[in-house]
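Before any comments, here is the structure.
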Amino acid sequence: MKVWWPLLFVAFLISCEEAPNSNKYQIVCTTGMLADMTTALCQGIDSLDIQALMGPGTDPHLYKASQADVFALSRANLIVFNGLHLEGKMAKLFHKLPEGRVYPAAEVLSGNDLINASTYQQAYDPHVWFDLSLWSKICSGLEDKLQEKLPQHKELIAINAEKYRAGLANLHNWALKELSQIPKEQRVLVTAHDAFKYFGRAYQVEVKGLQGISTTAEFGLRDISDLAEFISSREIKAVFVESSVSPRAIEAVREAVKRKGWDLEMGGELYSDAMGPPQSGADHFFGMFRSNVETILSALK
Numbered sequence: 002m003k004v005w006w007p008l009l010f011v012a013f014l015i016s017c018e019e020a021p022n023s024n025k026y027q028i029v030c031t032t033g034m035l036a037d038m039t040t041a042l043c044q045g046i047d048s049l050d051i052q053a054l055m056g057p058g059t060d061p062h063l064y065k066a067s068q069a070d071v072f073a074l075s076r077a078n079l080i081v082f083n084g085l086h087l088e089g090k091m092a093k094l095f096h097k098l099p100e101g102r103v104y105p106a107a108e109v110l111s112g113n114d115l116i117n118a119s120t121y122q123q124a125y126d127p128h129v130w131f132d133l134s135l136w137s138k139i140c141s142g143l144e145d146k147l148q149e150k151l152p153q154h155k156e157l158i159a160i161n162a163e164k165y166r167a168g169l170a171n172l173h174n175w176a177l178k179e180l181s182q183i184p185k186e187q188r189v190l191v192t193a194h195d196a197f198k199y200f201g202r203a204y205q206v207e208v209k210g211l212q213g214i215s216t217t218a219e220f221g222l223r224d225i226s227d228l229a230e231f232i233s234s235r236e237i238k239a240v241f242v243e244s245s246v247s248p249r250a251i252e253a254v255r256e257a258v259k260r261k262g263w264d265l266e267m268g269g270e271l272y273s274d275a276m277g278p279p280q281s282g283a284d285h286f287f288g289m290f291r292s293n294v295e296t297i298l299s300a301l302k
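Numbers in my numbering are just positions in the sequence shown, counted from 1, shifted up by 1.
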């Protein structure tokens, strides 16, 4: 059932005036990637619950809070969200709450870390988890916030965070090695929306998206035609669909390329704005990232 957003927003603010009522410390994260990191940093702490609002296949750019979300958010001791406008309209809601209860994880990054999303100031690409060096910085920021909120577990959180960052460093080096096997002229990643700019910058991959950094961006026949011309002129082998974005747009690009006489393959499904479903192997952040690299390598090598 759809919920009228203004009424939902008012209900949320009213409910948030009450103190969270639970025996366990409640942490609500917007994305699965943030919930995965938070869970890793809090491993071994039994006195808390961690929940992700956005499950597998969910597009955070278009996400609208449900009544169940309002209840979860109203009970949360800490709300962890990405920021940089990833969560769309929900960001306005978070910024109206007391600073002590909300934490914009990606906003620990500086302007030098971030990729501009437009000509406007402070409009940055929010897909920062695809550069593992940046995700490591976000881990450090979240570590500080969790230690502030859970001081009795400060040492354990520090140990977990160090282990998580070491895992990110190993995964980063592995990705560089694997992707270097693709000849540079073939190392072109074409997807439905522009979610992989950080990935491209970190791992020397040229990236093209049909839509902008948000799936709310409009695209038309001219965009499809221009992308098809780019693909056929460069003789790109494959394009990729995304688990959280309808495949229709990329399929339209593929058909346009075929009309130009170039045989274009569907390279597989990438996880862009959400992790994979349970038992997929991509249902945790490290598996999600590894799956993407393996899919790209298999299609473009």
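Glycine residues also receive a C-beta, built at the ideal position from the N, C-alpha and C atoms.
Please read all numbers here as calculations on a predicted model, not as lab measurements.
Span separating the alpha-carbon of residue i from that of residue j
i	j	result
E156	M38	17 Å
R235	T192	15 Å
G269	P152	44 Å
S134	H173	8 Å
C43	E230	49 Å
D70	H285	22 Å
Y121	S245	Unreliable positioning characterises Y121 in this predicted model, as indicated by a pLDDT of 49, which lies under 50. The coordinate reading is nonetheless provided below. Spanning the two alpha carbons is a distance of roughly 27 Å.
Q182	E207	15 Å
E144	F131	19 Å
K146	Y104	8 Å
E252	I232	13 Å
E100	V109	14 Å
D227	S247	20 Å
In DSSP terms, what residue i is bridged to
i	result
M267	V240
P105	F82
K209	V191
Y64	Answer is none; Y64 lacks a bridge partner.
Y26	L49
Backbone secondary structure at residue i - three-state DSSP
i	result
D50	strand
T31	coil
Q153	helix
T192	strand
V129	helix
Y165	helix
Q280	coil
T120	With a pLDDT of only 49 at T120, under the threshold of 50, the placement of this residue in the model should not be trusted; the figure read from the coordinates follows. Note: T120 maps to coil in three-state DSSP.
V294	helix
G288	helix
I183	coil
F197	coil
G142	helix
M38	helix
Y272	coil
K302	coil
M91	helix
K97	coil
Residue i burial status per 10 Å Cβ neighbour count (16 or more: buried)
i	result
P278	exposed
R188	buried
P184	exposed
K97	exposed
A300	buried
I15	Its pLDDT being 45, under 50, I15 is placed unreliably in this model, and the coordinates cannot settle the point.
N161	buried
G84	buried
Q212	buried
K138	buried
G45	exposed
L222	exposed
E88	buried
G112	exposed
D264	exposed
G56	exposed
R255	buried
G262	exposed
A170	exposed
CB-CB length for residue i against residue j, believed under 8 Å
i	j	result
Y199	L177	Incorrect: roughly 14 Å between the Cβ atoms, too far for contact.
M276	V242	Incorrect: roughly 16 Å between the Cβ atoms, too far for contact.
G142	A92	Between A92 and G142 the Cβ distance is about 18 Å, and since that is not below 8 Å, they are no contact.
N78	I158	That pair is no contact at about 15 Å.
G168	F72	Not confirmed; about 33 Å, so no contact.
A53	T32	7 Å
C282	S292	Checking the sequence shown, residue 282 turns out to be Gly, not Cys. Right, their Cβ atoms sit about 6 Å apart.
Y165	A41	5 Å
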